[in-house]
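From first to last, the protein sequence lines stand for chains A and B. In this text, residue positions in the first sequence follow the numbering used here: the first is 203, and each later residue adds one. In this text, residue positions in the second sequence follow the numbering used here: the first is 1307, and each later residue adds one. Where is the CB? At the ideal position from N, CA and C, for every residue including glycine. It should be emphasised that the depicted structure is a prediction, and the values quoted were computed from it without experimental measurement.
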Amino acid sequence: MKFILHVNGTPRQIDVASNTPLLWVLRDELRLTGTKFGCGVAQCGACTVHLDGEPARSCAIPVKAVKQRNVETIEGVSGSVAEAVQNSWQELQVPQCGYCQSGQIMTAIALLREIPRPTDSDIDSAMTGNACRCATYVRIRKAIHDASSSIEGK
Amino acid sequence: MTRLRAKFRPSRRQFLQGSAAAGAGLLIGFNLSCSSDSPGQGPDSPGEEFSPNAFVRIAPDGTVTVYSKHIEFGQGTYTGLATILAEELDADWDMVRVDAAPSDATRYRNLYFPEVPGIGPIQSTGGSTAMANSWQQLREAGATARAMLLAAAAQEWGVSASALVAERGVVSHGGSGQSATYGQLAGLAAAMELPKEVELKDPKDFALIGTQVPRVDVRAKSNGTAQYTMDVYLPDMLTAVIARPPRFGGKVASVNKAAALRVPGVVDVVEIPAGVAVVAEGFWPARTARRALSIEWDDSGAETRGTADLLASYRQLAGQPGELARQEGDAETAIAAADRVVEAEFVLPFLAHAPMEPLDCVIRVDNGECEVWAGSQAPTVDHWAVAQVLDLPMDKVKINTLLAGGSFGRRATFDADVATEAASIAKAMASERPIKLIWTRQDDIRGGKYRPMYLHRIRAGLDSDGNIVGWQHRIVGQSITAGGILDPGGPDTTTAEGAATLAYAIPNLTVDVHTVPVGIPVLWWRSVGHSHNAFVVEAFFDELAAAAGKDPLQLRRSLLAGHPRLLAVLDLAAEKSNWNSPLPQGKARGIAVHESFGSYVAQVAEVSLGAGNAPVVERVVCAVDCGIAINPDNIRAQMEGGIGYGLGAALHNQLDVDGGRVVQSNFHDYWPLRIHEMPQIEVHIVQSAQAPTGVGEPGLPPIAPAVTNAYRQLTGQPIRRLPLLPNGADAVNPSEVKQ
Ligand code: FES
Ligand code: FES
């Protein structure tokens, strides 16, 4: 079936089975490989993208359900919050293997856009769906706080 | 600057000869560097470049490319190796980039690993050896390059090399005021003779080692551009998934492919030794068609026992003496004469590695040549295995090593399982189209190669003063190496390491081992034998201390006089955690100390009780001695990671097998540790002048016993079985332990 998706600000036409998860459209069709496959069942968050600004697990969203919503991936994410998050991720040397980090960063950006000064428990509830097998959690927490202060400081 | 002389040993010299070659062919992946204004094109830039040995290449634009013989799968290996070389080269870190070395064991073997019969030396990453085995090699490689750059400048300027100074990629001559960058000198340096010997720096002059050099891979890993095997897309590439037998050792009896072949996008369904492969235009059609396969399995050669059956047979075996792994004095007699005897059975489950990037491999076979893209810990084994399957000479197979999204041991196999599957599919397809093989998470959790399940029986005797007079430790489980290409013979070290190496001065001691053949494939899992032995030994030790009415720290200290490095980390962790200060009601501290892979780690865990009396690990203080700290921040990161990985397993993970079928299948029933369960972690690094040892694994072994030792104080119940909260259960695993 043919679909038009709005990805990172650009309309993209694709022709796939209608139950194909958004994740595999992004990866196999559009070659946006920053969004990762980790579990395929909405349990790890490696595939997190933004749908109209909300974090969503692209492995569990069939392409036909995306409709007119804007899809934003790690390749397209921008703005002061995104920049602050990615900077503090580097500053604190968060990634180890790095495979989960696109998803972590996408969720963290959505969190800070909604709650600019998150508490530890805000971070826990927003980030708990993003698993990191390398257990970089201590630094993820700190990087979110740091990003928050750096935006505030501006 | 004082420089220590180091003569090349002949065996080393061969590794320093011959330059690195990225080779022809399609270049996938890219060099990684910490600098955002990416330096020039390295290998492709014009002008003459300088590659004095297999580990470094200096381009005319000054870019220094370090070739890593070890994979980067999260442990900071690329950065650490480049730091060692760049230190002796006096390179400008901003100009350093790292690229994966090609698969070539003659130049890139792991110097610590034995030759594998039938294959020879192997290029492989594991056992926390990357820094340790490369330390001297890369120092020499960097110093050689530096000496040749100096010689080139000296010749050019007509001055003595000893009058030159090299700093941050620039050679200068104080007398004449002349200076030149390494890039400018590259062409000239290439014509210099390889020095017979080089001088290595005095560690007090290190400028990069011991500082917080930023990791070369972090920028790419923070913007989605880091490229893993999963991200390789070649023109015309197909995607394959495999239906594997539901029981280990099962075979395909018959397969009906019709429905699968009707799924749009499916190209073929082929039988391979591992099962039935569905090959399609993308992942989704492949995975959809796999569900449409109908396969009869032949279980005549399969393992049909479950974990409960195995546990019962292990328990029986534990009643009989096993193969002796260590003996001191006469433990039997000492315990018989003891004032008090403490005895316990410990049970540890099968564990999957579950690296975040599921297993994968890309292969292209075309016109008698094969190219592979994979994140393998042992490229030589993949190389050899793929050549075997395709019946090609090794030099017709090219292996590209990419970043891997975690491994924890899973990507270091004896049988190159994933690459072999990919090659088998390529062979069966006989198509020149490249193929990407993807394992789903379910394939991974159910796919075997687990940390073995173990049953331990341990007893010890105390005299009337509470001294430990005898210790008997028996371990029952599968061997990781037995019968395979790396079987060293004798009592199985992968079972006994960390138990047979018990550091405490106990006069009478035996450790013995039963190695049980079971048809469930097993493999090394982060810290291997130490992953279970440290828990048993350190948890049991605390039970003894409690029985003797002694402080667990003081009892440990009193028995570690012969192990100053262990004692030092123990003392450091105790001091930094304020071991002797009281904690508020409802909180307790537990301590554990362990040596693994030549590194020494002690941890103090602060634990409280949460809902349903589940343990809440609030804080961990960790002390580590890994010799010279190449990159202190990365050492901290690895301690954090080892603690989190070990804690996740200790709290939640267990694989059950029922009638030969693995019960768990994905992260909903094989829980990864999540952010709300991660304790605060404080890492203290011991200053050391010893050669560096690894940090990828040693942070893991002490965490489980540190936590359970604290937890036992809160509940009064010894913990002799892991996990505490199986796969997310909110009540503690009821102890099934018979006394
Ligand atoms: S891949 Fe989507 S949540 Fe894991
Ligand atoms: S950095 Fe490896 S899984 Fe998160």
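| Asked | Found |
| --- | --- |
| Using DSSP bridges, identify the partner residues of glutamate 1912 of chain B. | B/Arg1895 and B/Arg1925 |
| Could you confirm whether any beta carbon from chain A is found closer than 7 Å to the beta carbon of alanine 1595 of chain B? | no |
| Regarding arginine 259 of chain A and ligand 1, is the C-beta to nearest heavy atom distance less than 6 Å? | yes |
| At a CB distance below 8 Å, what residues from the segment 270-301 of chain A approach chain B? Give them in sequence order. | Thr275, Ile276, Glu277, Gln288, Trp291, Gln292, Gln295, Val296, Pro297, Gln298, Cys299, Gly300 and Tyr301 |
| I need the straight-line Cα distance from glycine 1950 of chain B to methionine 203 of chain A, nearest angstrom please. | 44 Å |
| If you count every other CB in all the chains shown that lies within 10 Å of the CB of asparagine 1886 of chain B, and 16 or more means buried, which is it? | exposed |
| In chain B, what lies closer than 7 Å to glycine 255 of chain A by C-beta? | What glycine 255 of chain A touches in chain B: nothing, since even the nearest Cβ is about 18 Å away. |
| Please state the DSSP three-state secondary structure of arginine 1752 of chain B. | helix |
| Using beta-carbon positions only, say whether serine 1730 of chain B and isoleucine 1578 of chain B come within less than 7 Å of one another. | yes |
| Which of helix, strand or coil does DSSP assign to glutamate 1577 of chain B? | strand |
| Can you check DSSP and say which residues form a bridge with valine 1647 of chain B? | B/Gly1767 |
| Does any residue of chain A bring its CB to less than 7 Å from the CB of proline 1345 of chain B? | Because the pLDDT of proline 1345 of chain B is 41, which lies under 50, any placement of that residue in the model is unreliable, and the question is left without a value. |
| What does aspartate 1523 of chain B reach in chain E if we use C-beta pairs closer than 8 Å? | The chain inventory of the structure shown lacks chain E, comprising the protein chains A and B. |
| Just to confirm before moving on: does the CB-CB distance between leucine 207 of chain A and valine 279 of chain A stay below 7 Å? | no |
| Could you round the C-beta distance between phenylalanine 1656 of chain B and proline 1758 of chain B to whole angstroms and report it? I think they count as a contact, below 8 Å. | 7 Å |
| Would a check of beta-carbon distances place aspartate 348 of chain A closer than 7 Å to chain B? | no |
| Based on the DSSP secondary-structure assignment, which residues constitute the bridge partners of leucine 1470 of chain B? | B/His1479 |
| Could you pull out every residue in the same chain whose Cβ sits closer than 8 Å to the Cβ of alanine 1392 of chain B, ignoring the five residues on either side in sequence? | Val1370, Val1372, Trp1399, Val1402, Gly1448 and Leu1514 |
| Under the DSSP definition of a beta bridge, which residues are partnered with tryptophan 1777 of chain B? | B/Ala1766 and B/Leu1815 |
| Determine whether the Cβ of arginine 233 of chain A lies closer than 7 Å to any Cβ atom of chain B. | yes |
| If contact is defined by three or more beta carbon pairs under 8 Å, each pair taking one atom from either stretch, is the segment 294-304 of chain A in contact with the segment 1525-1537 of chain B? | yes |
| Are there three or more Cβ pairs, one per stretch, closer than 8 Å when the segment 1454-1464 of chain B is compared with the segment 1495-1503 of chain B? | yes |
| Check whether the Cβ of alanine 248 of chain A lies closer than 6 Å to any heavy atom of ligand 1, and answer yes or no. | yes |
| When the Cα of valine 1538 of chain B is compared with those of B/Ala1710, B/Gly1916 and B/Val1923, which residue comes out closest? | B/Ala1710 |
| Is phenylalanine 1589 of chain B close to chain A, meaning its C-beta is less than 7 Å from at least one C-beta of that chain? | yes |
| What would DSSP say about valine 273 of chain A, mapped onto helix, strand or coil? | strand |
| Histidine 1659 of chain B and tryptophan 1831 of chain B - do their beta-carbons sit closer together than 7 Å? | yes |
| When you compare only the Cα positions, how much space is there between glycine 1918 of chain B and glutamate 1912 of chain B? | 18 Å |
| Quick one: grab the DSSP three-state call for leucine 1829 of chain B. | coil |
| In three-state DSSP terms, what is aspartate 230 of chain A? | helix |
| Any heavy atom of ligand 2 inside 6 Å of the beta-carbon of proline 297 of chain A? | yes |
| Could you please give the first and the last residue of the uninterrupted alpha helix (DSSP H) stretch that includes tryptophan 1441 of chain B? | 1436-1463 |
| Mind checking whether the beta-carbon of cysteine 1667 of chain B lies closer than 6 Å to any heavy atom of ligand 1? | no |
| So, helix, strand or coil for tryptophan 1603 of chain B, using DSSP? | strand |
| What are the boundary residues of the beta strand (DSSP E) that asparagine 1940 of chain B is part of? | Asparagine 1940 of chain B -> not in any beta strand (DSSP E); alpha helix (DSSP H) instead, spanning 1938-1958. |
| Would you mind telling me which residues of chain B sit closer than 8 Å to threonine 330 of chain A, beta carbon to beta carbon, in chain order? | Arg1980, Ile1981 and His1982 |
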